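Q: Per the UniProt record's numbering, residue 1 is the first one in the sequence shown, and the count goes up by one each step.
Each residue gets a CB set at the ideal place from its N, CA and C atoms; glycine is no exception.
As the structure is a computational prediction, the values presented were derived from the model and not from experiment.
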Amino acid sequence: MGTTDELIRPDLTPGRDPDRERARLRLVTPQRLRSFFAPRSVALVGASDSSGWAGFIVESLRTAGLPGPMVPVHRRHRSAFGTPTIRRLTDLDRPVDLAFALVPTDAVESVLDDAATVGIRNVIVLAAGFGEGGEAGRRRERRLADIAIDHDLTVLGPNCLGFVNAHAHAAPFGLHIVPPVLPGPVGIVLQSGALASNVMGFTRARAIGTSLLSSMGNEVIITAADVVDYLLDDDATKVIALFLESIRDPHRFLALADKALTVGKPLVVLKVGRTAAGRATALAHTGAIAGDDAVVAAVLRQHGVIRVDSLEELLITAGLFGYGRPPSGSRMGVVTASGGACDIIADRCADEGIEIPDFAPSTVSRLSEALPAFAAVRNPLDITGFTLADAKAAASGVGDVALNAVVDDPGVDFVFNAVAVPVDPPPDPAPWHRRYAGIVATQNRTGKAIVHFTTTCTDISPYGRDLLAGYGLHALGGIEFGIRALGHALRWTSARSRAALRPAPERHAVPAAHAGLPSGPMSEAASRDLVAAHGVRVVPGELATTAAGAVAAADRLGYPVALKICAAALTHKSDHGGVALDLPDAAAVAAAFDRVEAAGRAHAAAVDGVLVTAMRGRGVELFAGVTVDPSFGPVVAVGLGGVLVEVLHDVSLRALPVPPDEVERMLGELRGAAVLRGARGTPPVDLAAVAQAVGALGEAALALGPRLQTIEVNPLWVNGSEVEALDVLVVTRGG
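1) For the alpha helix (DSSP H) containing residue 745, name the first residue and the last one.
2) For the alpha helix (DSSP H) that P431 lies in, which residues bound it at each end?
3) Is G333 near V406, with beta carbons less than 7 Å apart?
4) D629 by DSSP, collapsed to three states: which one?
5) Quick one: complete alpha helix (DSSP H) runs, 4+ long, within the stretch 320-370?
6) Could you give the distance in angstroms between the alpha-carbon of L726 and the alpha-carbon of N719?
7) On the DSSP letters alone, give me the boundaries of the beta strand (DSSP E) that P462 sits inside.
8) Measuring only the C-alpha atoms, how far is K573 from I565?
9) Within the same chain, show all residues whose beta-carbon is closer than 6 Å to that of G209, passing over the 5 residues directly before and after it, in chain order.
10) Does DSSP put G535 in a helix, a strand or coil?
11) Quick one: residues in its chain with C-beta nearer than 8 Å to the C-beta of T78, no 5 flanking neighbours on either side, listed in chain order?
12) According to the neighbour-count rule (16 or more other Cβ atoms, all chains shown, within 10 Å of its Cβ), is F374 buried or exposed?
13) Please list, in chain order, all residues of the same chain as G577 whose beta carbon is under 8 Å from its beta carbon, the five residues on each side excluded.
14) Is the Cβ-Cβ distance between V103 and V111 less than 7 Å?
15) Might you give, ordered along the chain, the residues of its own chain that have their beta carbon closer than 7 Å to the beta carbon of E352, omitting 5 neighbours on each side?
16) Would you call the stretch 162-175 in contact with the stretch 210-223, where contact means no fewer than 3 C-beta pairs closer than 8 Å?
17) For the alpha helix (DSSP H) that T85 lies in, which residues bound it at each end?
18) What's the C-alpha gap between A277 and D293?
19) Can you give me the C-alpha to C-alpha distance between G633 and K271, rounded to a whole angstrom?
20) Short check: CB of V423 to CB of S461, under 7 Å?
21) In angstroms with no decimal places, state the Cα-to-Cα distance between G217 and V228.
22) Starting from the C-beta of E722, find all residues in its chain whose C-beta is less than 7 Å away, skip the five residues before and the five after it, and write them out in chain order.
23) Whose C-beta lies closer than 6 Å to the C-beta of R75 among residues of the same chain, with five residues either side of it excluded?
24) Between L676, E699, V125, which lies nearest to A688 when the distance is taken from Cα to Cα?
25) Candidates T545, Q709, G541, G264: which alpha carbon is nearest A500's?
26) Am I right that T455 and G478 are in contact with their C-beta atoms under 8 Å? What's the rounded C-beta distance?
27) For R20, which residues in the same chain have their Cβ closer than 7 Å to its Cβ, ignoring the five residues on either side in sequence?
28) So what does DSSP say about F481, is it helix, strand or coil?
29) Whole-angstrom Cβ separation of V626 and V638, contact assumed at under 8 Å?
30) Given C443, which residues of its chain have a CB within under 6 Å of its CB, disregarding the five upstream and five downstream residues?
31) Assuming P660 is part of the alpha helix (DSSP H), what are its boundary residues?
32) Using only CA atoms, which one of A194, A605, Y463, N379 lies nearest to F416?
33) Check the C-beta distance from V536 over to A700 and give it rounded, since I have them as a contact under 8 Å.
34) Mark R26 as exposed unless 16 or more other C-beta atoms lie within 10 angstroms of its C-beta, in which case mark it buried.
35) Extract the residue ranges of the beta strand (DSSP E) inside the stretch 181-240, only unbroken runs of 3 or more that lie entirely within it.
36) Just the Cα atoms here: how many angstroms apart are V299 and L254?
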């Protein structure tokens, strides 16, 4: 499906000079950020023993083990934190890798000037009072950006706490860090400063190591998208977790999401701000249905971004991708030591689309030989607490036998395996080492993913963390978050497979024929003509201006027929008496014409006539519409039609362009999807035919270019493979 450059690639940085934006991008390439996030030496400008911020940063640098010197800079104090100070950056004998500006807001510009003078190219700015501080702050922030660009400075902030790079032993970070700083595969980007402590606390508690954790501040030079781009290029990062208050550059973010699918690094996003747009025209349903957050959720899903609902889910899901092998299929074998856990897992798997197949007879036989006679050999498998309480049973390696039997089951794609993790050093650690070594041996011999979990999301002790790490094992935190993470992993794997097969969308220019359209709603006759020109099949109809003409049209179309007033100003015709349905003969048509026309003229200054259309009976009524999201451009919505779209709000959304297979997937997402498969004697809907019609509607929408406001068909009538638009509304923008 083609699209327009204006709609798919909008100006996503309004008010920003394109030349300055290109200059900014040169400061934040992955190569530049690789140096920025791995400093060996740091200068703290404004550091003093009385500064709490400085104290935290010094502590964080020492905790992480900064390889080189930490230089305090202060105009009045001769020393800070046991180290001699210098008065200004210009007093440095040689430039440091990074300057952290702890000075008041009005002194930040002089720090940038000094940094540039001595050849420092990387700066973090702590101070607030910039873009978040009203118009004066916004002017100050624009000036800060100009200075950074003119001086070739890569700046993180302002209003920023800094970052932690465990692999580089660099933590110029303005909050307390509890050691140890665990290096690992998870990159974390936060549009929040204070949450960073909670995030680091949780990752430490669940033994999740990070490649980078960065707070973003006001993003005057380095943006969240820039850090994502860097992490996609970073060998130490396998997965990227983001806390986002806003998606400031939607087009670039989606391009990075597509790149993430290509390189195999999942983006896991906690996006806050679930508010309805309230921007939709009262003339149509589509915009009201496609509220801000609904569009964000749909577009992220469309581009393979995993959206989560909590910090715990964010980090546990990232941990699954960072440490494990994503499942290759949806059939799961389960090994636990708790019948209750088996019940919970079975219930939650149904919610996430995870299958729990019966074990093969050969698997049942192997398990029956190893387990106690009272154990129920089924999937999910409870090996019973007997194996934990009985020393001989534990020593016999029943857990290893069970895990290997389930892994070998031909109907299982991956295994969800409960692991116990000791809190304190046990009197005899040998059984723990044997168990973990057995798990590793099983993992090494199989091509299937084995995902380990602890039954609840409790903290892992330092001893348990070191024991797991010694064997290269990772355990997801609890059944609830573990199953949700697995559901996300399966959907991401599916999205990646689809993306690999999908060709790049075509682009075409806006047809000149649509350039002169008037602004506002079009009459239904004109709306029908527009969508029909792009391949949408409309119910047969004729425009009549007299009762005799309406009767003649009805005779040609065949009875029964419907009459509808045709006036651009009347978009909700039935509300004003402008519709007559199921008219069985000429007399009924003639009478209804006068009634419908009179109602129209009473409520509209201009009436084109009365539209006579064939009636359609048995079938399914759907809704299909396109509206323009201010961030993501044209968005298509499909759902059950008629009044149900208003009552149920059961719709699926995607950003255009949408290929036919994706439209079919949208229809399958509806809560009312069972209706499409045939209900109460109605034939099942031909999903391919519906997808073709929705695709054509998308073409019509994109062809309007920047003139598009809304196109909707309600209802879109479907009877088997017959698909017709019964009612069409097109609303255009001025310009």
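A: Taking the geometry as given:
1) Absent from the model: residue 745. The displayed extent of the chain is 1 to 735, so no value can be given.
2) 430-445
3) A contact, by the Cβ cut-off of 7 Å.
4) strand
5) Within the stretch 320-370, the complete alpha helix (DSSP H) runs of at least 4 residues are 339-352, 361-370.
6) 13 Å
7) Per DSSP, P462 belongs to no beta strand (DSSP E); it is in the alpha helix (DSSP H), 462-470.
8) 7 Å
9) Cβ within range, chain order: L182, P183, G184.
10) coil
11) Thr is not the amino acid found at residue 78; the sequence shown has Arg there. Excluding sequence neighbours, R78 sits near P84, T85.
12) exposed
13) R595, V596, A599
14) yes
15) Taken in chain order, the residues that qualify are I483, R484, L486, G487.
16) yes
17) Careful: T85 lies outside any alpha helix (DSSP H) and carries neither H nor E.
18) Low confidence applies to A277: its pLDDT is 39, below 50, so where it sits in the model is not reliable, and the reading given next is rough at best. Whole-angstrom Cα-Cα distance: 8 Å.
19) So the alpha carbons of these two residues sit roughly 19 Å apart.
20) yes
21) 15 Å
22) none
23) R87
24) L676
25) G264
26) 7 Å
27) I149
28) helix
29) 10 Å between Cβ atoms; not a contact.
30) Looking at the sequence shown, residue 443 is not Cys but Gln. Answer for Q443: I450, listed in chain order.
31) Segment 660-669, the alpha helix (DSSP H) holding P660.
32) Residue N379 is the option with its Cα nearest to F416.
33) 6 Å
34) exposed
35) 183-190, 210-215
36) 8 Å
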